[in-house]
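Student: Under UniProt numbering, the first residue of the sequence shown is numbered 1, with each subsequent residue one higher. By construction, the Cβ of each residue, glycine as well, lies at the ideal position given by its N, Cα and C atoms.
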Amino acid sequence: MKKFLKVLLISLISIVLIAIILLLLLGRDSHKDLKGTMPEQLDQYLKNQGFQGVVLILKDNKEIFKKGYGMAGSNIQNTPSTPYQIASLSKTFTAIAILQLVEKKLLSIDEPIDTFFPEYPNAEQITVGHLLSHSSGIPDYLNPEFNFDYSKEWKPEDIINVTKDAKLQFTPGESFQYSNTGYVMLGMIIENVSGLPYAEYIEEHIFKPSGMENSTFSLEDGNLAAIGHVEGVEGPTMNNTAAFAAGDIISTVEDLARFDQAIRNHVIISAESDDLMGTTQVKKFPYQYGYGWYTQNVMGHDAVGHSGGYPSGFRHYIARLLDEGITVIVLSNEMTTNSKKINRNLTSIMLQEPIWIWEELL
């Protein structure tokens, strides 16, 4: 009887494994149902998905596709010029600001952060590079155990104090764990080294040289921005000071395209710094991270990308295929949208290559 049960168990496990393998290998979408020109195919796909948000796609610094879908708010249509809270897409801006200071020899990637945070526990073990690559071991202040209140106004020093008494999650440099706390610290380092408020530094050294005239940190009254939604209902209130350098920027897909071009054309950072940002610094399956970018292989192509999300109802994804000159920007004001999956499928359509189910997840 025991032998029979053992054989039965092994058989069931084998069947399940075979089913999973077949699903992963045979489950792919070639988008053959989409007809017409490339822009028409992209539009059909987004409509089929019931997408709510804005998309812009670049190829070799030229706009291939740009369109808004659904509502930004009450009686407000989503358009490519609609301002969005871009959440963690802001981290790439923070990383570029740090590398600008490194290029000017005002800062070192390998510099321990006790220079800036002498009272912070274990600061002498943690470097600027560890913060950039989420390998510091400092817990994320947004983790549930800290009961962080998104709705109230915060100062950066108060944000990092939320995790001050918590133990490091691992020895700095030995693993990866996404930490908004680390990027708040980077914003404070930018202020310390440059002598400018974080927002002013980003405006002067990234927005202006990139031609990002519709990007900011706060909107004037009457300026209509996208409102976040969760399952069609307006999302909870979130004070923008609750993110600081980890996710405080307001921008548009058009300005993010200008940002992409400024990176590719080495307007705001050197080619060497650009390469460094896209070089894997740390791995923890299924993630790889450089400095301000996830480093990725997208359907066999070297790429960098980043996600962005707010509990107030936003979910974004940007992917940049490095050798193909393709950039896909997806901003959504519906929290339930899988912006990464949509981004991957838009990339598949652009490349005219089928996408495997597992590629939508990585």
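1. Pull up the CB-CB distance for Y317 and N297, whole angstroms please, since I reckon it's below 8 angstroms.
2. From what residue to what residue does the alpha helix (DSSP H) around Q261 run?
3. Can we count V102 as close to the ligand NAD, meaning its CB is less than 7 angstroms from some heavy atom?
4. Can you tell me whether A303 is helix, strand or coil according to DSSP?
5. Rounded to the nearest angstrom, what separates I76 and P121 at their Cα positions?
6. Which residue's Cα is closest to the Cα of T127: K105, Y84, N78 and I189?
7. Take H130 and list the residues in its own chain whose beta-carbon comes closer than 7 angstroms to its own, dropping the five residues that flank it on each side.
8. Could you tell me whether the Cβ atoms of F244 and G187 are closer together than 8 angstroms?
9. Between K284, G182 and V233, which has its C-alpha nearest M71's C-alpha?
10. What separation, rounded to the nearest whole angstrom, lies between the Cα atoms of D59 and Q261?
11. Residues in the same chain with beta-carbon distance under 8 angstroms from S218, minus the five sequence neighbours each way, listed in chain order, please.
12. Measure from the alpha carbon of E334 to the alpha carbon of each residue in M277, A226, L42 and K62, then state which is nearest.
13. Comparing C-alpha positions only, which one of T216, L331, S215 and Y287 sits nearest to F51?
14. Please state whether DSSP places L34 in a helix, a strand or coil.
15. Bridge partners for I57 per DSSP, in chain order?
16. Compute the Euclidean distance between the alpha carbons of K167 and D302, then round it to the nearest angstrom.
17. If contacts are defined as beta-carbon pairs under 8 angstroms, then V54 and V253 qualify, I think. What distance do you get, rounded to the angstrom?
18. Tell me the residue span of the alpha helix (DSSP H) that contains T181.
19. In the DSSP output, which residue or residues are listed as bridge partners for I318?
20. Residues in its own chain within less than 7 angstroms of I206 by CB, not counting five upstream and five downstream?
21. How far does the beta strand (DSSP E) with V282 in it reach, from first residue to last?
22. For H229, which residues does DSSP report across the bridge?
23. Grouping DSSP H, G and I as helix and E and B as strand, with all else coil, what is N48?
24. Excluding sequence positions up to five away, which residues of its chain have a Cβ less than 7 angstroms from the Cβ of K284?
25. Please determine, among G228, I160, N265 and E63, the residue with the shortest C-alpha to C-alpha distance to Y310.
26. Based on DSSP bridge pairs, tell me the residues matched to N297.
27. Compare the C-alpha of N61 against each of K152, F314 and A257 and name the closest.
28. Could you say which of E272, T181, Y150 and Y294 lies nearest to P236 if we only look at CA atoms?
29. Beta carbon of T347, beta carbon of M299: below 8 angstroms?
30. Pull up the distance between the alpha-carbon of residue 396 and that of D33, whole angstroms please.
Tutor: So, to answer that:
1. Counting from 1 along the sequence shown, the entry for residue 317 is found at position 317. Counting from 1 along the sequence shown, the entry for residue 297 is found at position 297. No, Y317 and N297 are not in contact; Cβ-Cβ is about 16 angstroms, not under 8 angstroms.
2. As a position in the sequence shown, residue 261 is number 261, starting the count at 1. Segment V253 to R264, the alpha helix (DSSP H) holding Q261.
3. Judged by which ligands are present, the structure shown has none, so any question about the ligand NAD falls away.
4. Indexing the sequence shown from 1 puts residue 303 at position 303. Three-state DSSP puts A303 in a strand.
5. Within the sequence shown, numbered from 1, the residue matching residue 76 stands at position 76. Within the sequence shown, numbered from 1, the residue matching residue 121 stands at position 121. Each residue's Cα considered, the two are about 47 angstroms apart.
6. Numbered from 1 along the sequence shown, position 127 holds the residue referred to as residue 127. For the residues K105, Y84, N78 and I189, the minimum Cα distance to T127 belongs to I189.
7. On the sequence shown, residue 130 is found 130 positions in, with the first residue counted as 1. So the qualifying residues of the chain are S136, P172 and G173.
8. In the sequence shown, counting from the first residue as 1, residue 244 sits at position 244. In the sequence shown, counting from the first residue as 1, residue 187 sits at position 187. Against a cut-off of 8 angstroms, the Cβ pair of G187 and F244 comes out as a contact.
9. As a position in the sequence shown, residue 71 is number 71, starting the count at 1. Ranking the options by Cα distance to M71, first place goes to V233.
10. The count along the sequence shown starts at 1 and reaches residue 59 at position 59. The count along the sequence shown starts at 1 and reaches residue 261 at position 261. First, the amino acid is wrong: residue 59 is Lys here, not Asp. Rounded to the nearest angstrom, the two C-alpha atoms are 10 angstroms apart.
11. Along the sequence shown, one-based indexing puts residue 218 at 218. So the list reads N240 and I250, once near-sequence residues are dropped.
12. As a first step, residue 334 is located in the sequence shown; it is residue number 334 there, counting from the start. Ranking M277, A226, L42 and K62 by Cα distance to E334 puts A226 first.
13. Here residue 51 corresponds to residue number 51 of the sequence shown, with the count starting at 1. Of T216, L331, S215 and Y287, the residue nearest in Cα terms is L331.
14. Residue mapping note: residue 34 aligns to position 34 of the sequence shown, counting from 1. Here L34 sits in coil by DSSP.
15. For the purposes of this step, residue 57 is identified with residue 57 of the sequence shown, where counting begins at 1. F65 and V328.
16. Looking up residue 167 in the sequence shown gives position 167. Looking up residue 302 in the sequence shown gives position 302. Going from the Cα of K167 to the Cα of D302 covers about 35 angstroms.
17. Position 54 of the sequence shown holds residue 54. Position 253 of the sequence shown holds residue 253. Rounded, the Cβ-Cβ distance is 5 angstroms, consistent with contact.
18. Here the question's residue 181 lines up with position 181 in the sequence shown. Run containing T181: N180 to S194, per the alpha helix (DSSP H) assignment.
19. Working through the sequence shown from its first residue, we reach residue 318 at position 318. Note: I318 sits in a beta bridge opposite H306 and I329.
20. Residue numbering aside, residue 206 sits at position 206 when the sequence shown is read from its first letter. Closer than 7 angstroms at the Cβ level, and outside the excluded window around I206, lie F93, I96, A97 and I268.
21. Mapped onto the sequence shown, residue 282 falls at position 282. Unbroken beta strand (DSSP E) run through V282: V282 to K284.
22. Residue numbering aside, residue 229 sits at position 229 when the sequence shown is read from its first letter. Paired residue(s): E234 and E334.
23. For this step, residue 48 is matched to residue 48 along the sequence shown. In the structure shown, N48 sits in a helix (DSSP, three-state: H, G or I).
24. For the purposes of this step, residue 284 is taken as the residue at position 284 of the sequence shown. Cβ within range, chain order: S175 and F176.
25. Numbered from 1 along the sequence shown, position 310 holds the residue referred to as residue 310. Checked all of G228, I160, N265 and E63; the closest Cα to Y310 is G228.
26. One-based indexing of the sequence shown puts residue 297 at position 297. When DSSP reads this structure, N297 sits in a beta bridge with D302.
27. Translated into positions along the sequence shown, residue 61 becomes position 61. If we check each option's Cα against that of N61, A257 comes out closest.
28. Against the sequence shown, residue 236 aligns to sequence position 236. Of the listed residues, the one whose Cα sits closest to P236 is Y150.
29. On the sequence shown, position 347 is the one that residue 347 refers to. On the sequence shown, position 299 is the one that residue 299 refers to. The answer is yes: Cβ separation under 8 angstroms.
30. Residue coverage of the chain in this structure runs from 1 to 362, which leaves residue 396 outside it and unanswerable.
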